[in-house]
Amino acid sequence: MAKTLPSEVQVVVIGGGIVGCATAYHLAHAGWSVALIERRKLTSGTTWHAAGLVSETQAVPVMSALAKYGLDLMERLEDETGQNTGFKRNGSLTLALTDARMEELRRKVDYAHGCGLRAEEISTAEAEARWPLLSAHGGKGAFWFPGDGYTNPIDTTMALAKGARMQGAQIFEDCKVERLIIEGGRVRGVETEQGMVRAEHVVNATGMWAREFGLGHGVSLPLQAANHYYVVTDPIEGVTGDLPILRVMDEYAYYKEDAGKLLIGCSEPNATAWRPKGGIPEHFEFDELPCDDEHLYGILEAASERVPALAHSGIRKFFNGPECFTPDARHYLGPITDVAGLWVATGFNSTGIQNGPGAGKALAEWIIHGHMTMDLTDVDARRIVPGLNASDYVADKAAETLSLAYAMHWPFQRKTEARGLRRTPYYGHLVAEGAQFGSANGWERPLVFAEDFTDGFDRQPWFDAWRGEHQALRDDLGMIDLTFGRYLIDGAEAEAQMQRLCGANMAVPVGALVYTHMFNPQGGIEADVTVARLSATRYMVMASAGAEPQTESWLKTQLAGHGVSVVNVTSSEATLAIMGPRARDFLSGLTDADLSNEAFEFGSWQALNIGYVPVRAQRVTYVGELGWELHAPAEFAQQLFETLRAAPDAPRLCGGMAVDSCRIEKGFRHWGHDIGPFDSPVDSGLTFACDFDTEFTGKDAILARRAAGPDSRLLSFKLEDPEALVFGKEPVLRDGEIVGRLTSASYGWSVGGAIGMGYVQRPAGQTLAELAAGPFEVLVAGRRVKATASQRPLYDPGNARMRG
Numbered sequence: 046m047a048k049t050l051p052s053e054v055q056v057v058v059i060g061g062g063i064v065g066c067a068t069a070y071h072l073a074h075a076g077w078s079v080a081l082i083e084r085r086k087l088t089s090g091t092t093w094h095a096a097g098l099v100s101e102t103q104a105v106p107v108m109s110a111l112a113k114y115g116l117d118l119m120e121r122l123e124d125e126t127g128q129n130t131g132f133k134r135n136g137s138l139t140l141a142l143t144d145a146r147m148e149e150l151r152r153k154v155d156y157a158h159g160c161g162l163r164a165e166e167i168s169t170a171e172a173e174a175r176w177p178l179l180s181a182h183g184g185k186g187a188f189w190f191p192g193d194g195y196t197n198p199i200d201t202t203m204a205l206a207k208g209a210r211m212q213g214a215q216i217f218e219d220c221k222v223e224r225l226i227i228e229g230g231r232v233r234g235v236e237t238e239q240g241m242v243r244a245e246h247v248v249n250a251t252g253m254w255a256r257e258f259g260l261g262h263g264v265s266l267p268l269q270a271a272n273h274y275y276v277v278t279d280p281i282e283g284v285t286g287d288l289p290i291l292r293v294m295d296e297y298a299y300y301k302e303d304a305g306k307l308l309i310g311c312s313e314p315n316a317t318a319w320r321p322k323g324g325i326p327e328h329f330e331f332d333e334l335p336c337d338d339e340h341l342y343g344i345l346e347a348a349s350e351r352v353p354a355l356a357h358s359g360i361r362k363f364f365n366g367p368e369c370f371t372p373d374a375r376h377y378l379g380p381i382t383d384v385a386g387l388w389v390a391t392g393f394n395s396t397g398i399q400n401g402p403g404a405g406k407a408l409a410e411w412i413i414h415g416h417m418t419m420d421l422t423d424v425d426a427r428r429i430v431p432g433l434n435a436s437d438y439v440a441d442k443a444a445e446t447l448s449l450a451y452a453m454h455w456p457f458q459r460k461t462e463a464r465g466l467r468r469t470p471y472y473g474h475l476v477a478e479g480a481q482f483g484s485a486n487g488w489e490r491p492l493v494f495a496e497d498f499t500d501g502f503d504r505q506p507w508f509d510a511w512r513g514e515h516q517a518l519r520d521d522l523g524m525i526d527l528t529f530g531r532y533l534i535d536g537a538e539a540e541a542q543m544q545r546l547c548g549a550n551m552a553v554p555v556g557a558l559v560y561t562h563m564f565n566p567q568g569g570i571e572a573d574v575t576v577a578r579l580s581a582t583r584y585m586v587m588a589s590a591g592a593e594p595q596t597e598s599w600l601k602t603q604l605a606g607h608g609v610s611v612v613n614v615t616s617s618e619a620t621l622a623i624m625g626p627r628a629r630d631f632l633s634g635l636t637d638a639d640l641s642n643e644a645f646e647f648g649s650w651q652a653l654n655i656g657y658v659p660v661r662a663q664r665v666t667y668v669g670e671l672g673w674e675l676h677a678p679a680e681f682a683q684q685l686f687e688t689l690r691a692a693p694d695a696p697r698l699c700g701g702m703a704v705d706s707c708r709i710e711k712g713f714r715h716w717g718h719d720i721g722p723f724d725s726p727v728d729s730g731l732t733f734a735c736d737f738d739t740e741f742t743g744k745d746a747i748l749a750r751r752a753a754g755p756d757s758r759l760l761s762f763k764l765e766d767p768e769a770l771v772f773g774k775e776p777v778l779r780d781g782e783i784v785g786r787l788t789s790a791s792y793g794w795s796v797g798g799a800i801g802m803g804y805v806q807r808p809a810g811q812t813l814a815e816l817a818a819g820p821f822e823v824l825v826a827g828r829r830v831k832a833t834a835s836q837r838p839l840y841d842p843g844n845a846r847m848r849g
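Just so you know, the sequence shown maps onto residues 46 to 849 in my numbering.
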C-alpha cells in the first residue's frame, strides 16, 4: 500500500541520492520534520554506479573537513542503523611519474597536515610492498594517505535513509516533484504527481537534474552531466580485500579492489559531456550510457603495464555512467538568493560519496540555525553568476572539469574552455598590448603582460615581467584594469539602511569614499566593499570581481523590504586604476581638476574629465601607493584607455599578479581568502574600519570578541629563503607545531622574498606582540622554511605613500 504524502513538513528534500539522504538524515536527527521525495528509486540517478572511493584530502579546506566527517560517519553508521555500508579504510597511495607531480604531491601532503590529516611520502619500493600487483617502473616516488578508503555507495545511502527514518523522516519513492510552490518570493512547498506538500524549506538535491529543475523556477545552477568511465576486470589472483586504493594520476587512472576483481577508473584528459537530445530521458533510472571503448584504449594500455597481471585478465565490464560537474570543480551548497527558503546541494564533481554526508550535515545545520556553522564560502551556492549558465557553456566547462581532475594542478593554472565570455571594454586594447589573461567569475582579467604564461612550481620566464609591473607600481606608475562589481543603493532610507549594514559610519557627506565591511549577526564578514556616497539618497557599493555575486546576494537579502532599491550596475561602468608615485603629476596633465592633497583628499571622489572623458575619480588604492581609480561610463571607457596610453610618459600596464603581490606586501585583505563569514574583524585586524559609536549588524558580537581576545590572529609573513615560492594554503608552524595556514601568498618583490598572510592560533594570555615574535616556519614541499611575522604590513606600515 502506497504511503500518503504529509500535508506539511518543515523541510522537503527533493532527490534520493547520497546527498539528499544525508541531508534528511541530519535534519531528522535534529528533530525536524522531513519528507524526502525521489522521482524513481533511491540512488537511481548517479549514486548507484559511483566507484565509492572516499578520500579525506580535497581541494579546499572546507571540502577536506566535509570529507573527513563523511568517512568518520561511515565508520559508525552500521552500528547505528544495522545496515551494512561496505566501508573500508584501507588507505590510498599515489604513484608519481614526474618531478612536477612529486612537487605537487609534496605540497599536497603539507596541505593535508595543515588540515589535520595524515599523509606521508613513501618510496616506490614501499608502494610496491603495499600494492603487490603494482609495477612502479618510471616512478619518482609515492605518497600514502592512510585515512582514505572506499565504501559501497548504495549500501551507504540506504544506511543514511534508514537512519533518517529511524528519527522520523518520511521517504517517498516513485513520486516526481512537478514544481515548487513559490508565493511572495518565498518557497511554500512542492507540487508532486501525488499531491502537494507544504514546507518552510525545500532542498534541491536532484544531481544532474538540478540545472533544468532550477531553470523551471528562474534559478541558475550551472552544471552538466559528463560521460564517466570505469572497467571491471575478471577475478585476479592477489586482489584482496585489504588492497588500498591506487592512483597513477600521470596515467589518468585509479585502481580499486572489487570482490577479487579490479575496478579501473578513468579521469581521462579528453572527457566529454553527456547531452541527450531532449534532455535526460523521463525513464532514466539505474541506466548506463553507451561506452566508447576506443576512448579508453590509451589509459588501459598504460594500465596493463602498470599492473602486469592485467595482461592475463579479461575485462568483464566496460561501464559509462553520468556524473555532474560544475565549471569551478566545487559543489553548490546553500540558499538561493531570489527564492527565500529554497536551498541547493548538488554538483559534486564525482565526489558526492565522500563529500555528500558532510554536505548534508553542513546544509542541515545552516537550515536549522539560519547561518553557516562552518565556513562554506568555497562551496557556497551564492557564488553562482546567473549569466554563466548557457547549455553549451556548462557542457564545455563540465568536460573540462573532469579532464583536469588528474591533470597537473599547477599553482597558476588557467582553464582554457569557454573563455572570453565576460570582457571589460578594455579587453581588445589589452590583447593588443600582450596581456595574458586569467578568469574570475567569467571575467577576463589580465594577469601579466608577457610573451607567454607558463606554469610550474619554480620561477617562470614571465616572472621578470611580473617584477617589472610590481616595481612600476611601487617606484614609477602603473595602469590596471580594475573593473569590478558595483551596486546602486537608492531610496529615502538609504543612509539608515547602510548604517545598519556597514561597520563604518555611513552618514558621510556626498563625495566621501568609505572602506567598510558588512557583518552577519555573529560578527563574521559577509562583504568587503568600498562605498561612494553619490547623493543624499544614493550610494555606490563596489566589490571585487571574485566577490561580486556574494555581495549582491547579501545586499538583496538584507535590504529587501526596507525602502531602498538594489540594482547591479556592474556593466554600466569600467575602471582603470592609475597607481604609483607619479600618479598625481601624470593625471594633472590630463585634467583641469586640482589633485593636490588639500583639494582631493584620500578617501574621497570627484567628478572630473580626463581629456574628453567624464569620470568619477576615486582617491583610494589596493596596492598601497598614491593613486586614483577612474570610473568611466562604459560607452566612454575605450576613449579613456586611449587617452591615458597616448599621453606623454604613459603608465606601464600591470596585471593581477602585480596587484596581488603589492596588496599582500601591504597587508590588504581579500574577501574569500583572508576574510569571510567566519572571520571577525578582531581576528583579521580590521576593527579600525568599524565605528563603534554607530549601531550596525554584528556589533555586539564583535565587541564581545574584542573583550575576550581573539584565539587566532591574521599575520603577515615573509620567508627568509628568497628562492622559496608559496602559493597559498601552506601550513605555518611555531616551535615545530602547525598553528595555522597561509590564506594568501605571493612573492614580495619590494621586500625580497615569498610573502603571505595567514591566521595562527593565539595561546591564552599571549599578547599579539608575543604571538608575532614567533618563531615561525612555513612548510614548502616538505621543507621547513623560516619566516618572520608581523601584525603590521610588510611594506609602508605607516601608510605614508598612499596618502602622500
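Every residue gets a Cβ at the ideal spot worked out from N, C-alpha and C, and that includes glycine.
Q: Pick helix, strand or coil for M46, following the three-state DSSP scheme.
A: Confidence at M46 is low in this model, with a pLDDT of 49, below 50, so the placement of that residue should be treated as unreliable; the coordinate-derived value is given next. Correct three-state label for M46: coil.
(Q) Once DSSP output is grouped into helix, strand and coil, what is the label at I325? (A) coil
**Q.** Length at least 4, wholly inside the region 767-833: the alpha helix (DSSP H) runs in chain order
**A.** 813-817
Q. With DSSP run on the structure shown, which of helix, strand or coil describes M563?
A. strand
Q) Count the other CB atoms within 10 Å of the CB of N315; is the residue buried (16 or more) or exposed (fewer)? A) Exposed.
Q.
Assuming the contact rule is C-beta atoms closer than 8 Å, R519 and E670 should be a hit. Round their C-beta distance to whole Å, please.
A. 7 Å
Q.
If you follow the alpha helix (DSSP H) that F482 is in, where does it begin and where does it stop?
A. Where F482 is concerned, there is no enclosing alpha helix (DSSP H), although the beta strand (DSSP E) it sits in stretches over A480 to A485.
Q. By Cβ distance below 7 Å, which residues in the same chain neighbour C311 in space, the five residues on each side in sequence not counted?
A. For C311, where only same-chain residues beyond five positions count, the Cβ hits under 7 Å are Y274, Y275, Y297, A298, L341 and I344.
Q) Under 8 Å between the Cβ atoms of K207 and Q128? A) yes
(Q) Does M46 pass the burial test, meaning 16 or more other C-beta atoms within 10 Å, or should it be called exposed? (A) Because M46 carries a pLDDT of 49, less than 50, the predicted location of this residue cannot be relied on, and no value is offered for it.
Q: Can you have a look at T88 and say buried or exposed, based on whether 16 or more other CB atoms are within 10 angstroms of its CB?
A: buried
Q. Taking just the CA atoms, how far does T636 sit from V107?
A. 49 Å
**Q.** Contact check, Y532 vs V586, beta carbons under 8 Å
**A.** yes
Q) Where does the unbroken beta strand (DSSP E) through S580 begin, and where does it stop? A) Under the DSSP assignment, S580 falls in the beta strand (DSSP E) whose first and last residues are I570 to S580.
Q) What is the DSSP secondary structure of G60, reduced to helix, strand or coil? A) coil
(Q) Our contact map puts P696 next to F681 with C-beta atoms below 8 Å; I'd like the distance itself, whole angstroms only. (A) That belief does not hold up - the Cβ atoms of P696 and F681 are roughly 19 Å apart, past 8 Å.
Q | For F363, the residue or residues it bridges with in DSSP | A | V276
Q: Compute the beta-carbon to beta-carbon distance between F457 and A480, rounded to the nearest angstrom, for a pair I have assumed lies under 8 Å.
A: Going by Cβ atoms, the distance from F457 to A480 rounds to 15 Å, so no, they are not a contact pair.
Q) Could you give the residue range of the beta strand (DSSP E) that holds M585? A) R583 to A588 is the span of the beta strand (DSSP E), which, as asked, contains M585.
Q.
Considering just the uninterrupted stretch of the alpha helix (DSSP H) at Q683, what are its terminal residues?
A. A682 to A691
Q: Can you tell me which of the three DSSP states R224 falls into?
A: strand
Q: Taking only the alpha-carbon atoms, compute the straight-line gap between W716 and N844 and give it to the nearest angstrom.
A: Put simply, the backbone Cα of W716 is about 21 Å away from that of N844.
Q) Beta-carbon separation of P722 and N565 under 8 Å? A) yes
Q. Quick one: what does DSSP say S349 is sitting in, helix, strand or coil?
A. helix
Q.
What does the alpha-carbon distance come out to for the pair E339 and V58?
A. 40 Å
Q: Provide the residue span of the beta strand (DSSP E) that contains W488, from first to last.
A: Annotation for W488: the continuous beta strand (DSSP E) segment containing it runs W488 to F494.
Q.
Based on DSSP bridge pairs, tell me the residues matched to W388.
A. V248 and P380
Q. Between the C-alpha atoms of L824 and R578, what's the straight-line distance to the nearest angstrom?
A. 45 Å
**Q.** Alpha-carbon to alpha-carbon, I226 and A385
**A.** 12 Å
**Q.** Length at least 3, wholly inside the region 264-318: the beta strand (DSSP E) runs in chain order
**A.** Every unbroken stretch of the beta strand (DSSP E) spanning 3 or more residues and falling wholly within the region 264-318 is given here in chain order: 269-278, 290-293, 298-303 and 306-311.
Q) Between K601, E496, N550 and E768, which lies nearest to G797 when the distance is taken from Cα to Cα? A) E768
**Q.** When V56, G366 and E710 are compared against N249, the one with the closest alpha-carbon
**A.** V56
Q | Residue nearest to I413 in terms of C-alpha spacing, selected from H246, V293, R361 and Q516 | A | H246
Q: Report the rounded CA-to-CA distance for N135 versus E218, giving the unit in angstroms.
A: 34 Å
Q: Pick out whichever of W93, E410, S725 and P191 has its Cα sitting closest to the Cα of I398.
A: W93
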